[in-house]
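End of the first sequence = 629 in this note's numbering, gap-free, step of one.
Where a beta carbon is used, it is the ideal one built from N, C-alpha and C, also for glycine.
Since the structure is predicted, the reported quantities are computational estimates derived from the model, not experimental observations.
A short worksheet on the structure shown next.
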Amino acid sequence: MKLAQKVYSLINKIPKGKITTYKELGKRLKTKAYRAIGQALKKNPNAPQVPCHRVVCSDGKVGGYQGKKNNSKKIGLLKKEGIIVEKGKIKDFEKKLYRF
DNA sequence: CGCTTGACACCGT
DNA sequence: AACGGTGCCAAGC
Numbered sequence: 530m531k532l533a534q535k536v537y538s539l540i541n542k543i544p545k546g547k548i549t550t551y552k553e554l555g556k557r558l559k560t561k562a563y564r565a566i567g568q569a570l571k572k573n574p575n576a577p578q579v580p581c582h583r584v585v586c587s588d589g590k591v592g593g594y595q596g597k598k599n600n601s602k603k604i605g606l607l608k609k610e611g612i613i614v615e616k617g618k619i620k621d622f623e624k625k626l627y628r629f
């Protein structure tokens, strides 16, 4: 089981309307490979299966998943789930954060 | 086996 | 507060 696989599983456990950070994921996995987690999501062999958009930076930013682009359509989807994203930053980030 | 990359985190300026 | 540089770890070549 690669670290990435574990990451996918964790993300899969995130309830709807909640988000998490790379750091929290790492802690839960007993690893500090925050970057490796990003690698896994970036490759994301199972895109629709894993809600990678629910994983954000520790400072409440969406990261580079697509927040820098204008086509933030998925961000709109997040809004629908109750997660507000303004210019790549999560609104009420601490409240929506899921700490496993 | 070692070097490079990356959707991060942390600290300093 | 914002920007930049540095450190960490796993995966791929």
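> For residue 558, which three-state DSSP category applies?
Replying inline: coil
> Alpha carbon to alpha carbon, how far is residue 536 from residue 545?
Replying inline: 17 Å
> Quick one: Cα of residue 586 to Cα of residue 551, how far?
Replying inline: 6 Å
> With 16 as the cutoff for other CB atoms within 10 Å, does residue 583 come out buried or exposed?
Replying inline: With 16 or more Cβ atoms within 10 Å of its Cβ, residue 583 is classed as buried.
> Using a Cβ-Cβ cut-off of 8 Å (strictly less than) and excluding sequence neighbours within five positions of residue 590, which residues of its own chain qualify?
Replying inline: Taken in chain order, the residues that qualify are 596, 617, 618 and 619.
>> Does residue 629 pass the burial test, meaning 16 or more other C-beta atoms within 10 Å, or should it be called exposed?
In response: Residue 629 comes out exposed.
>> Is it buried or exposed, residue 625, if we count other Cβ atoms within 10 angstroms and call 16 or more buried?
In response: buried
> What residues are listed by DSSP as bridge partners for residue 579?
Replying inline: Here residue 579 is not bridged, per DSSP, to any residue.
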